[in-house]
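Worksheet: the structure to be examined is printed underneath.
Numbering (my numbering), first residue to last: 434 to 766.
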């Protein structure tokens, strides 16, 4: 008498064969019935259409699942990107990893993870994610812009400039002025002032309200002793953005030369009271006159605060964005 374990093994081994025989038997039975009622050609057609319909149903289920995965990945990406903007990197990482797990070929998730890891100072992981995003979507100008900023921060200026130019040249890119401003900031690190001015002017021609380009031009003009031009750019900057320690210090130095005592007093008070721990406030309190040795080396190069998340170009359109205040459902979290 055979042991029960052996019997179980035999049953399990024969199960697929039995199932196949059962399917074959069903198909043969269908053929016999159809042959007797409809003739050979109709019989084969009916059985074939039944089998094809089964396959089509499976494909339809898969097709429905894919848009759902895209929807969940997109929602988690947008929430994760917003958490990065708020500085909550840990929650952002959870959301972006969820987007990546749900849809491994979703390029924006890797782009945002690159930005996140750069913010955390994890250079290798940042570059890996930027590269993977471009591998999945090689022509995405927003990713080129973000990766370019990363390369610039690492001193890889030529590579960065090339990416900025590729991004800005894309006719579908909605904000080429961002990439052009980044290119200008980056080439200044090599002392290429003339090229930087060309980039900033091109950016401002497209969009006259690019705050970083306006401040950069004010800083450059001050360095060239074109004080009225510098003051004009600073005023334009203040029309679209708030003061920073750098703009206040520039304003103080300008008004010491241009002689507007009210503005000088205002800039001085704001710098002391609003940014007391800044280097610029310490320069002010030390009695510095703002000579060349005291000027800050292109403070507008703090790229980490100006990352652009591309959520509207090749992969997402306006109708795909979450509504303001939109939340994920429990199944999407």
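Each residue gets a CB set at the ideal place from its N, CA and C atoms; glycine is no exception.
Please read all numbers here as calculations on a predicted model, not as lab measurements.
Residue 645 and residue 559 have their C-alpha atoms roughly 24 Å apart. The C-beta distance from residue 584 to residue 540 rounds to 18 Å, too long to meet the 8 Å contact threshold.
Shown here, residue 565 sits in a helix according to DSSP, grouped into three states. Membership of residue 633 in the alpha helix (DSSP H) is indicated by the continuous run 626 to 639.
Taking the CA atoms as reference points, residue 684 sits about 11 Å from residue 703.
Around the C-beta of residue 536, 16 or more other C-beta atoms lie within 10 Å, and the residue is accordingly described as buried. Between residue 549 and residue 567, the C-beta spacing is not below 8 Å. Distance between residue 518 and residue 551, taken at the CA atoms: about 13 Å.
The beta carbon of residue 513 sits closer than 7 Å to those of 525, 528, 529, 532, 545, all from its chain and outside the five residues before and after it, given in chain order. Put simply, the stretch 647 to 658 does not touch the stretch 592 to 611. Fewer than three CB pairs are less than 8 Å apart. Secondary structure note for residue 665: its alpha helix (DSSP H) is the uninterrupted segment 660 to 673. Residue 563 sits close to residue 547, with the two beta carbons spaced by under 8 Å. In the DSSP annotation of this structure, the continuous segment of the alpha helix (DSSP H) that includes residue 618 starts and ends at 609 to 621.
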